[in-house]
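Visitor: Here it is, the structure in full.
2 protein chains.
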Amino acid sequence: MVRKSAKVPSTRKPNMREAILAAAEELFSTYGFNAVSVRDIAQAAGANPGSVTYHFETKDGLLLEIYRRHCGPMNLRRAELLAAAKRVRDLQDRLEAIVRAYVLPAFTSGSDLAGGGTRFTRLRAVMSAEGNEVVRRIIAQTFDDTSHAFVDAIHESLPHIPRTDIVWRSHFLLGALYYTLVTPERVSRLSRGSADGTDAGRAIEELVRATVASLQAEPLDQTAPARRKDLVPIKS
Amino acid sequence: MVRKSAKVPSTRKPNMREAILAAAEELFSTYGFNAVSVRDIAQAAGANPGSVTYHFETKDGLLLEIYRRHCGPMNLRRAELLAAAKRVRDLQDRLEAIVRAYVLPAFTSGSDLAGGGTRFTRLRAVMSAEGNEVVRRIIAQTFDDTSHAFVDAIHESLPHIPRTDIVWRSHFLLGALYYTLVTPERVSRLSRGSADGTDAGRAIEELVRATVASLQAEPLDQTAPARRKDLVPIKS
DNA sequence: ACCATATTTGTACTATCGTACAAAAGATCA
DNA sequence: TGATCTTTTGTACGATAGTACAAATATGGT
Chain A
106 MVRKSAKVPS
116 TRKPNMREAI
126 LAAAEELFST
136 YGFNAVSVRD
146 IAQAAGANPG
156 SVTYHFETKD
166 GLLLEIYRRH
176 CGPMNLRRAE
186 LLAAAKRVRD
196 LQDRLEAIVR
206 AYVLPAFTSG
216 SDLAGGGTRF
226 TRLRAVMSAE
236 GNEVVRRIIA
246 QTFDDTSHAF
256 VDAIHESLPH
266 IPRTDIVWRS
276 HFLLGALYYT
286 LVTPERVSRL
296 SRGSADGTDA
306 GRAIEELVRA
316 TVASLQAEPL
326 DQTAPARRKD
336 LVPIKS
Chain B
106 MVRKSAKVPS
116 TRKPNMREAI
126 LAAAEELFST
136 YGFNAVSVRD
146 IAQAAGANPG
156 SVTYHFETKD
166 GLLLEIYRRH
176 CGPMNLRRAE
186 LLAAAKRVRD
196 LQDRLEAIVR
206 AYVLPAFTSG
216 SDLAGGGTRF
226 TRLRAVMSAE
236 GNEVVRRIIA
246 QTFDDTSHAF
256 VDAIHESLPH
266 IPRTDIVWRS
276 HFLLGALYYT
286 LVTPERVSRL
296 SRGSADGTDA
306 GRAIEELVRA
316 TVASLQAEPL
326 DQTAPARRKD
336 LVPIKS
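Chains as they are written, first to last, in the numbering used here: chain A, 106 to 341; chain B, 106 to 341.
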């Protein structure tokens with residue numbers, strides 16, 4: 106990757122380790138893991154490439170530390186919000202609260218830095234698209250429990266919808282969420298300026314509204330598969 | 106990238122150019138653009154690295170050619186299906202047909218190779234996540250027209266929904282579609298085996314059902330923005 | 001002020017990257 | 001068959017990748 110920014114003279118960083126983490130998060134989530142070099146990160150953080158090795162040993166280690174940093178607080182927040190949502194009496198309101206409990210922490214999770222939540226979620230989106238091997242394990246370990254908890258909670262609110270459909274529709278929610286964080290400018294472009302894709306508050310409300318409706322839709326009729334002969338499995 | 110596969114002795118390729126394109130498509134859509142080297146592609150195609158330079162000049166040129174190859178047929182197919190969908194009389198059926206016209210070509214577009222459509226769509230998903238600069242221009246040029254046509258068609262079927270909401274919900278559809286192609290195994294995992302994320306036919310039907318429902322949902326009340334003070338814009 | 005420790009810098013090594021280019025091999029057709 | 005053009009191969013070059021490591025510097029307790 107080639108980027109122009111000149112080395113900033115800058116006031117001395119009080120905590121270089123944090124600066125490196127923040128820079129890596131920003132660059133990885135924008136250009137992907139492989140497109141960003143350790144030197145890019147060091148320069149953006151106003152540090153020496155050697156510092157990265159000192160603090161995180163390897164480039165993979167740096168990515169791992171970013172996940173370690175965020176996963177705990179985000180899933181904690183989700184668990185809290187989910188517990189609160191489950192106490193909502195009205196079924197319709199409860200469903201909406203559950204979906205919101207899933208979406209909100211993705212935008213506002215416990216980083217002290219402004220936009221920390223969205224940046225980390227954007228990072229997760231990019232990493233899942235790149236099929237990053239280092240990350241795949243963390244995802245399966247750390248997020249599947251949370252996802253299961255949400256699927257279960259939704260299923261309790263919608264007992265007549267088969268669990269399978271709820272899984273599909275929750276999956277669509279995560280995809281929509283990721284894509285909105287990765288390509289927000291597309292929303293602005295397609296709406297010809299009447300919508301702002303970077304407006305997190307609006308994105309959340311639109312996501313919640315759309316997802317609640319999709320979850321409530323009648324399930325597919327499983328007895329009539331409606332397969333088409335010209336379709337082939339994904340990934341060969 | 107390190108991959109184990111030994112060089113295949115193989116029957117002579119009748120058309121090396123096509124083999125290189127297919128290999129690049131598969132590798133790019135699985136690992137991302139930057140993680141795959143020209144040598145990886147050449148080896149997977151049973152070709153010499155020099156052949157890639159000969160046929161496509163640069164790595165970027167190879168990616169460009171992949172897009173050139175697929176964009177035309179896919180958008181043509183979409184236009185045909187959209188035209189047919191617009192002729193459907195019943196409003197509910199028409200909406201469903203329009204959504205299906207958008208989704209179907211992403212899975213089955215005009216490549217002669219099996220799974221060509223899904224592979225190319227997966228590639229687009231990965232490229233959008235990586236923020237690939239070469240691709241960004243093509244996307245804006247080639248796909249925005251199509252997207253506008255679909256948003257317009259949907260709006261005609263749902264005149265009481267503001268265009269802005271339709272843009273958001275169509276955007277969510279594309280995100281869900283991309284994510285399903287990128288991480289189909291997550292569906293299988295979360296459903297504990299009762300669903301198969303790689304089942305394209307099922308994915309299409311679930312996508313259509315969920316999207317139609319979300320499109321029909323009541324729009325957000327625009328007079329009460331419901332912004333929260335702790336939210337910040339995406340992308341700083 | 002001194003020392004021990006923690007951090008940062010500068011530099012260098014090896015591997016691999018994209019790509020250029022000349023030579024070899026294959027294909028086409030008079 | 002021989003001439004010409006197309007395709008493939010083999011190799012090499014400069015740039016950049018990740019990371020190791022010794023020297024330099026900053027820090028904190030006594």
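Cβ coordinates follow ideal geometry from the N, Cα and C atoms, glycine included.
For N139 (chain A), would you say it is in contact with chain B, using Cβ-to-Cβ distances shorter than 7 Å as the test?
Guide: By this cut-off, N139 (chain A) is an interface position.
Visitor: Counting only beta-carbon separations shorter than 7 Å, does R274 (chain A) have a partner in chain B?
Guide: Chain B, which has a Cβ nearer than 7 Å to the Cβ of R274 (chain A), makes this yes.
Visitor: Helix, strand or coil: how does DSSP classify V272 (chain B) here?
Guide: Correct three-state label for V272 (chain B): helix.
Visitor: Here's a check: name, in chain order, each residue in its chain whose Cβ is nearer than 6 Å to the Cβ of I244 (chain B), leaving out the five neighbours to either side.
Guide: There are no such residues.
Visitor: Looking only at its own chain, which residues have a Cβ that is under 7 Å from the Cβ of V208 (chain A), when we skip the five neighbours before and after it?
Guide: Correct list, in chain order: L282, I309, L312, V313.
Visitor: CA-CA distance, A152 (chain B) and A140 (chain B)?
Guide: Distance between the alpha carbons of A152 (chain B) and A140 (chain B) is about 19 Å.
Visitor: With a cut-off of 7 Å, does the C-beta of Y207 (chain A) fall near any C-beta of chain B?
Guide: Answer no: the Cβ-Cβ gap between Y207 (chain A) and chain B never drops below 7 Å.
Visitor: Taking C-beta pairs closer than 8 Å, name the residues in chain A that A321 (chain B) reaches, listed in chain order.
Guide: The residue asked about is misnamed: residue 321 (chain B) is Gln in this sequence, not Ala. Ordered by position in chain A, the residues that pass the 8 Å Cβ test against Q321 (chain B) are A318.
Visitor: Closer than 7 Å, Cβ to Cβ, to anything on chain B: give me those residues from the region 225-237 of chain A, in chain order.
Guide: Residues passing the 7 Å Cβ filter: A230, V231, S233, A234, E235, G236.
Visitor: Need the endpoints of the alpha helix (DSSP H) that S293 (chain A) sits in, please.
Guide: Its alpha helix (DSSP H) spans residues 289-295.
Visitor: Using 8 Å as the threshold, is the region 224-236 of chain A in touch with the region 272-289 of chain A, meaning 3 or more CB pairs across them?
Guide: At 8 Å Cβ cutoff, the stretches touch.
Visitor: Buried or exposed, going by whether 16 or more other CB atoms sit within 10 Å of the CB of G298 (chain A)?
Guide: Exposed, by the Cβ-count rule.
Visitor: Have a look at A:T269, A:R291, A:L279, A:F138 and flag the residue whose alpha-carbon is nearest the alpha-carbon of F212 (chain A).
Guide: Here the closest residue by C-alpha is A:L279.
Visitor: Kindly indicate which residue of A:V239, A:R242, A:P210 has the alpha-carbon position closest to the one of R227 (chain A).
Guide: It is A:P210 whose Cα lies nearest to the Cα of R227 (chain A).
Visitor: When the Cα atoms are used, what is the spatial distance from T303 (chain B) to G155 (chain A)?
Guide: So the two alpha carbons sit approximately 43 Å from each other.
Visitor: Compare the beta carbon distance of H175 (chain B) and F225 (chain B) with 7 Å and say whether it is the shorter of the two.
Guide: Contact flag set, yes.
Visitor: Quick check on G280 (chain A) - is its C-beta less than 7 Å from some C-beta in chain B?
Guide: Yes, its Cβ sits closer than 7 Å to a Cβ of chain B.
Visitor: Please state if the CB of D145 (chain B) and the CB of L132 (chain B) are separated by a distance shorter than 7 Å.
Guide: Going by C-beta atoms, L132 (chain B) is nearer than 7 Å to D145 (chain B).
Visitor: Give a yes or no on whether 7 Å exceeds the smallest Cβ distance from D326 (chain B) to chain A.
Guide: It does not; no Cβ of chain A falls within 7 Å.
Visitor: Give the secondary structure of A219 (chain A) by DSSP, where H, G and I count as helix, E and B as strand, and everything else as coil.
Guide: Residue placement at A219 (chain A) is poorly supported in this model, since its pLDDT is 49, which falls under 50; the coordinates are not used for a value here.
Visitor: Among A:V143, A:Y136, A:T269, which residue has its Cα nearest to the Cα of G166 (chain A)?
Guide: Ranking the options by Cα distance to G166 (chain A), first place goes to A:V143.
Visitor: Output the residue ranges of the alpha helix (DSSP H) runs that lie fully inside the region 106-177 of chain B and measure 4 residues or longer, sorted by chain position.
Guide: Runs of the alpha helix (DSSP H) inside the region 106-177 of chain B: 121-136, 143-150, 154-161.
Visitor: With H, G and I counted as helix, E and B as strand and the rest as coil, what does DSSP make of R194 (chain B)?
Guide: Note: R194 (chain B) maps to coil in three-state DSSP.
Visitor: State the Cα-Cα distance for the pair G177 (chain A) and A128 (chain A), rounded to the nearest angstrom.
Guide: About 20 Å.
Visitor: Tell me whether the beta-carbon of I203 (chain B) lies closer than 7 Å to the beta-carbon of A258 (chain B).
Guide: Yes, they are a contact pair.
Visitor: What residue range does the alpha helix (DSSP H) around H265 (chain A) cover?
Guide: Premise fails: H265 (chain A) is in no alpha helix (DSSP H) and is neither H nor E.
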